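Heads up, the thing below is written out as structure tokens.
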Amino acid sequence: MSATRPGHKPKCKRCRNPAVVQLHSHHTAFCRDCFLLYFQRQVQRAIDGERMFSREEPVLVAVSGGKDSLALWDVLQLLGYRTTGLHLNLGIGAYSVLSRTKTEAFARERGLPLLQVDFGAEGHAIADVVGLTRRPACSACGTAKRHHFDRIAMEHGFPVVATGHNLDDEAARLLGNVLRWDMNYLARQSPVLAPSHEKFARKVKPLFRLSEYETAVYAFLRRIDYVIEECPNAAGASQLLYKDVLQRLEAEMPGTKQNFVLEFYRRARSQLFAGNLEAPTTCSRCGLPSHRPVCRFCSLLDEVAAKRQGVRPLAQTSS
Ligand code: Q46
Ligand code: ZN
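Reminder that position 261 of the sequence shown reads as 402 in the working numbering, one-by-one numbering, no gaps.
Quick look at the structure:
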């Protein structure tokens, strides 16, 4: 962090009014209005620079009720895009109840359309799946989320699904992938995942240039009421450790996270993986994209059904 002289009140770099936020990684400071403008411009730059979507395309925004996804929905609306929210009620106790309440209130207050999927009603509440299969919660949750993003996008005619992943999420994910040298995941880590299958929506991350701190400031300044509590399953997740390590590096060397992620996208990724992505085929059960004959989600449902009946699953779940 850069030191501020005692009694020195930072000024907005744009308009010279008193600043309310300092961004050390950009060596700058902004007042409220100029920060909101900066935030919008960063999102617009991400959308245009990565050709995420056009103004004509309807965008399905995955909204959890947390600050990032609600900030994303808010800024896309302000920028004039055609958005519909998609909330997945994961079935993780009080956390899911609160997440749904905040998401519904956000949509209602702004008159925005919201689609919902209830994992409990679909027979795979995450708490039940974990209890039955002993799978790590986040692995089951991620599999089910990806399935429903594609299913809802396809059923409702959305060519693109936007998620609220920010720079810190991308940096933590990149660090994890590099530490394991997971070439498959590295190849798929991108601000835009283009459809490689007719039933595969384009996945985009318009907040990838903005840090978690910046989205928190945006949500605060825009008075967005979001779920502050983390998912109880996030505690102890390696992602949090990676974020902590990266934050310590960032504190000593502002701009580290930005360089790490943006240079990976700008230079390293294309050189390492040009044309190397294996296209998925089709799951024989649900008809959605899959890299195996029966997709991970259908295998998960098999496993849950088998455990409920006390028999072995038909499709193996490991790949
Ligand atoms: S919601 Fe699901 Fe996260 Fe909770 S169970 Fe893990 S993946 S931590 S973004
Ligand atoms: Zn399937």
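Heads up, the beta-carbon is just placed ideally off N, CA and C, and yes, glycines get one too.
These numbers come from a predicted model, not from an experiment.
Examine ligand 2 and report whether any of its heavy atoms sits within less than 7 Å of the Cβ of residue i.
i: arginine 426; result: yes
i: valine 435; result: yes
i: cysteine 439; result: yes
i: leucine 315; result: no
i: leucine 351; result: no
i: leucine 403; result: no
i: serine 166; result: no
Can you pull the DSSP bridge partners for residue i?
i: threonine 284; result: Paired residue(s): none; threonine 284 is not in a bridge.
i: asparagine 374; result: None, per the DSSP bridge assignment.
i: proline 159; result: Lys152
i: aspartate 209; result: Bridge partners of aspartate 209: none, in fact.
i: arginine 343; result: Val301
i: leucine 334; result: Lys344
For residue i and residue j, I'd like the C-alpha separation in whole angstroms.
i: leucine 320; j: glutamate 419; result: 22 Å
i: leucine 273; j: isoleucine 233; result: 14 Å
i: proline 332; j: phenylalanine 349; result: 7 Å
i: histidine 228; j: alanine 235; result: 16 Å
i: phenylalanine 401; j: alanine 312; result: 7 Å
i: leucine 164; j: lysine 346; result: 21 Å
i: arginine 408; j: phenylalanine 414; result: 11 Å
i: aspartate 443; j: arginine 276; result: 13 Å
i: leucine 239; j: valine 368; result: 7 Å
i: threonine 397; j: methionine 295; result: 38 Å
i: valine 358; j: valine 204; result: 18 Å
i: alanine 144; j: threonine 169; result: The predicted model places alanine 144 with a pLDDT of 43, which falls under 50 and marks its position as unreliable; any figure quoted below should be read in that light. Approximately 13 Å, taken between the alpha carbons.
i: methionine 142; j: aspartate 385; result: Unreliable placement is indicated for methionine 142, whose pLDDT of 39 sits below 50; the coordinate value is still reported in the next sentence. The alpha-carbon atoms of methionine 142 and aspartate 385 are separated by roughly 15 Å.
i: serine 337; j: asparagine 158; result: 48 Å
i: valine 435; j: histidine 288; result: 12 Å
i: threonine 458; j: alanine 342; result: Model confidence at threonine 458 stands at a pLDDT of 41, short of 50, so the residue's coordinates are unreliable and nothing is read from them.
i: cysteine 439; j: leucine 382; result: 31 Å
i: cysteine 156; j: leucine 177; result: 13 Å
i: arginine 389; j: proline 395; result: 10 Å
i: glutamine 183; j: asparagine 307; result: 12 Å
i: methionine 324; j: asparagine 318; result: 8 Å
i: asparagine 230; j: histidine 149; result: 47 Å
Return yes when at least one heavy atom of ligand 1 lies under 7 Å from the C-beta of residue i, else no.
i: alanine 278; result: yes
i: isoleucine 293; result: no
i: alanine 335; result: no
i: alanine 375; result: yes
i: alanine 357; result: no
i: alanine 378; result: yes
i: glycine 206; result: no
i: leucine 93; result: With the chain running from 142 to 460 in the structure shown, residue 93 is simply not present.
i: isoleucine 267; result: yes
i: cysteine 175; result: no
i: glycine 234; result: no
i: glycine 283; result: yes
Can you tell me which of the three DSSP states residue i falls into?
i: serine 431; result: strand
i: threonine 145; result: At threonine 145 the pLDDT is 48, less than 50, meaning the model places this residue with poor confidence and gives no usable figure here.
i: aspartate 385; result: helix
i: valine 319; result: helix
i: glycine 226; result: strand
i: glutamate 444; result: helix
i: phenylalanine 171; result: strand
i: leucine 348; result: coil
i: threonine 422; result: strand
i: aspartate 259; result: strand
i: alanine 203; result: strand
i: leucine 220; result: coil
i: leucine 231; result: coil
i: leucine 164; result: strand
i: leucine 390; result: helix
To the nearest whole angstrom, what separates the beta carbons of residue i and residue j, a pair I think is in contact under 8 Å?
i: valine 202; j: phenylalanine 180; result: So it is not a contact: roughly 16 Å between Cβ atoms.
i: alanine 160; j: phenylalanine 171; result: 6 Å
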